[in-house]
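Data first, discussion second: the structure below is written as structure tokens.
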Amino acid sequence: MIKAMKKLTLIFVVLSVLITGAAQSSYDRSFQDQMVVMQCINDPVTQTGIMAEKLLELSKIPGLSIAVSKKGKIVYAEGFGYADLANKIRVSPETQFRTASVAKVITATALGKMIQDGQLDLKAGIGKYLPALPQEYQQITPLQLAGHLSGMPHYADDDKIENRFYQSTEEALKVFLHQKLISPPGTKYSYSTHGFTLLSAVMEKASGMNYLDYLNKELFKPLNMNNTGPDLRKHQHYTHLARLYDFKDDTLLEESNPEDVSYKWAGGGLISTPSDLLKLTFAYANGFLKSAVTGQMFSHQHLSSGEEQQIGIGWRFSKDVFGRNVIEHAGGMEGARTVVCMFPDQEVAVSIMVNASWPSSIEETAHLFAELFMDDQVPHTIPDFETKVMTSTLSKDKTLDGTGKLKFKGNIGNLTLSDGKHYTIIPLNRAGVYGLVSKEGIYYLEMQPTDDQGTNKRGAWKQVSGKAIAYGQQQKESAIDKAPFLTFTSSSVR
């Protein structure tokens, strides 16, 4: 694996030299030379590196790490930017980040192992395992806790959270057990991190093991998730742990007193790497979890009314913009933004981890990184051109018209709007499809010549139009027909 990563890095360095040389050459270089450079850029490894670097540049996040797998093997793992800005320590594939709520699917996978081993009844009231619980909690089931259908509250003003180390799950329960349920179990979807803390207490009673000990023995060691565990940064030293950063009024600041997350190990208190999170996804295809259990994990839960929910046991269900099935989970918290996505039909998975609280469209960003590694690739090239464009942006249900400038050079586009917003455009090896890199993430962009006959001797388009779509999480169908948040058109290209 290390040799493979070195090979990928070497390819990226060589191709980066070609790209840099292309950018420095004159606009009058031959069209044939342009095509050679563009074919290099169409390599998925190089494209991933370009998109990641542009994302760092526009978003101002300090660092990120990306890993991609195909057919149960990690084919790409790379870090970008800095794990520690003050000491200029760069992100590597071994850099550990906070998982934030992606911890929930780690917990869910451990729950699947318990189901497989016959240690826990998903549909039994949790009072069976924790008889001292308040009465209204007794009939909640582990299945409901894992699907956010329990009626459990999320963070609330009267939580008894203290920034200290919680010695046990039982102690952590005191943070929220004084609160009433917000709805009867099974009647409403209501996201709850506290629900996963309660679930971990149930798992401890069912297995007879401490939650963290169970993860280490039954999950991390068998799956070789050697860089995953509890976030104990306040209590022990880590060699590869990323520092935590947050944006305050657009200024990036390091967290001087990070929250102690020991009260929520199961719902948001772990650290990991993208490669380790992909190893977690392998458990669903390599026999670690048998197909019968995987089927349970990936079955839609339903409210008592019969309404289907876009969630199974921990994992969320969605569609990418192409209509492909995605099983995923994302998370965000102080100093972290994380996602892991599986495309089961294509046997592709992707994970991204960031060491800053970043209000981003991280699921869509991950989908478009994964798109570069899909089998049905059709590389395409855009020769150099530039044009003025008329733009229309959708903001808070209002459409705002404006102008801008679009310039393509070396198969990379830059779109600057009159309101000061800037985007980078990267072809995605599918005719007419691009990644629109922005401050908030990477979005799906369609861009086509408006005159199919309109090419000049350099192959540039005479006219161009484009539309960008944002779609979020837990989609029931492709968002391809959703109203775009950005459109642009030009009347002439030079």
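All letters in the sequence shown, in the order written, are residues -25 to -1, 1 to 469 by mature numbering (1 follows the signal peptide of the UniProt record, and there is no 0).
In this text, a Cβ means the ideal position worked out from N, Cα and C, and glycines have one as well.
Note that this is a predicted model, so its numbers are computed, not measured.
Neighbourhood of residue i by C-beta distance below 6 Å, restricted to the same chain and skipping five residues each side
| i | result |
| --- | --- |
| Phe257 | Gly47 |
| Leu461 | Thr368 and Ala443 |
| Gly289 | Lys79, Val80, Ala83 and Ala121 |
| His215 | Glu69, Thr70 and Gln71 |
| Met272 | Gly87, Gly287 and Ile288 |
| Gln428 | The pLDDT assigned to Gln428 is 48, lower than 50, so where the model puts this residue is not dependable; a value taken from the coordinates is nonetheless given after this. Contacts found: none. |
| Lys382 | Glu361 and Asn389 |
| Leu156 | Glu111 and Gly126 |
| Lys432 | For Lys432, the pLDDT reaches just 42, beneath the cut-off of 50, and the residue's location in the model is therefore unreliable, although a value from the coordinates is still provided. Result list for Lys432: empty, nothing under 6 Å. |
| Pro354 | Asn17 and Asn404 |
| Met328 | Ser40, Phe72, Pro249 and Thr313 |
Sequence-distant residues of its chain with Cβ nearer than 7 Å to residue i (five each side left out)
| i | result |
| --- | --- |
| Asn330 | Pro37, Gly38, Ala58, Phe72, Ala217, Arg218, Leu219, Tyr220, Gly310 and Ala311 |
| Glu28 | Phe55 |
| Lys363 | Thr378, Lys380 and Ser465 |
| Met308 | Arg73, Ala75, Gly243 and Ser332 |
| Tyr398 | Leu390, Leu411, Val412 and Ser413 |
| Gln119 | Ser125, Pro160 and Gly161 |
| Ala454 | Val296, Ile444 and Tyr446 |
| Gln(-2) | Note that Gln(-2) scores a pLDDT of 41, beneath 50, so its modelled location is shaky; the value from the coordinates is reported in the next line. Closer than 7 Å at the Cβ level, and outside the excluded window around Gln(-2), lies no residue. |
| Arg208 | Leu216 and Pro233 |
| Ile136 | Val150 and Tyr238 |
Per-residue burial, residue i [other beta carbons within 10 Å of its own, 16 or more giving buried]
| i | result |
| --- | --- |
| Leu227 | exposed |
| Asp224 | exposed |
| Ser182 | buried |
| Thr203 | buried |
| Leu95 | buried |
| Leu375 | exposed |
| Gly24 | buried |
| Ala241 | buried |
| Pro19 | buried |
| Asn261 | exposed |
| Phe318 | buried |
| Ala458 | exposed |
| Glu452 | exposed |
| Asp456 | exposed |
| Gly93 | exposed |
| Gln142 | exposed |
| Gln211 | exposed |
| Lys239 | buried |
| Asn138 | exposed |
| Asn17 | buried |
| Val301 | buried |
| Ser231 | exposed |
| Lys254 | buried |
| Gln450 | buried |
| Asp3 | The predicted model places Asp3 with a pLDDT of 40, which falls under 50 and marks its position as unreliable, so this point remains unresolved. |
| Ala341 | buried |
| Met13 | For Met13, the pLDDT reaches just 47, beneath the cut-off of 50, and the residue's location in the model is therefore unreliable, leaving the point undetermined. |
| Phe140 | exposed |
Whole-Å CB distance - residue i paired with residue j, under 8 Å assumed
| i | j | result |
| --- | --- | --- |
| Asn404 | Gln352 | 4 Å |
| Ser44 | Ala324 | 5 Å |
| Gly206 | Gly244 | For clarity, residue 206 is Asp in the given sequence; the question names Gly instead. Confirmed, about 6 Å. |
| Ala85 | Ser326 | Wrong, their Cβ atoms sit about 18 Å apart, outside the cutoff. |
| Gly100 | Ile115 | 7 Å |
| Ala445 | Glu339 | 7 Å |
| Asn185 | Glu193 | With 8 Å as the limit, Asn185 and Glu193 do not qualify as a contact, their Cβ atoms being about 12 Å apart. |
| Gly441 | Met422 | 4 Å |
| Pro117 | Leu60 | Contact flag wrong, Cβ pair sits at about 42 Å. |
Residue i - partner residues in DSSP beta bridges
| i | result |
| --- | --- |
| Met328 | Ser40 and Thr313 |
| Asn404 | Its beta-bridge partners do not exist; DSSP assigns none. |
| Arg73 | Ile246 |
| Ile387 | Lys384 |
| Thr399 | Asn389 and Val412 |
| Asp376 | Ser367 |
| Ala241 | Its beta-bridge partners do not exist; DSSP assigns none. |
| Ile64 | Asp59 |
| Gln423 | Ser440 |
| Phe222 | Leu227 |
| His277 | Glu283 |
| Gly307 | Arg312 |
| Ala52 | Ala42 |
Other residues of its chain near residue i: CB distance less than 8 Å, five sequence neighbours each side excluded
| i | result |
| --- | --- |
| Leu343 | Met26, Leu403, Gly410, Ile417, Tyr418 and Tyr419 |
| residue 470 | The structure shown has nothing for residue 470, since the chain only spans -25 to 469. |
| Asn191 | Gly204 |
| Val177 | Leu95, Ile101, Tyr104, Leu105, Pro117 and Leu120 |
Cβ-heavy atom distance, residue i to the ligand COA, below 7 Å
| i | result |
| --- | --- |
| Asp359 | As presented, the structure is devoid of all ligands, the ligand COA included, so that no description of it is given. |
Beta carbon proximity, residue i to chain C, threshold 8 Å
| i | result |
| --- | --- |
| Glu339 | Annotation note: the requested chain C is absent from the structure, which comprises a single protein chain. |
Could you check whether the region 228 to 239 touches the region 275 to 294, counting it as contact only if at least three pairs of C-beta atoms, one from each stretch, sit closer than 8 Å? no
Three-pair Cβ contact test at 8 Å for the region 130 to 140 versus the region 150 to 168: yes
Just checking, does the region 138 to 146 make contact with the region 161 to 168 on the three C-beta pairs under 8 Å criterion? no
Using 8 Å as the cut-off, can you tell me whether the region 193 to 202 makes contact with the region 102 to 122, which would need three or more C-beta pairs spanning the two stretches below that distance? no
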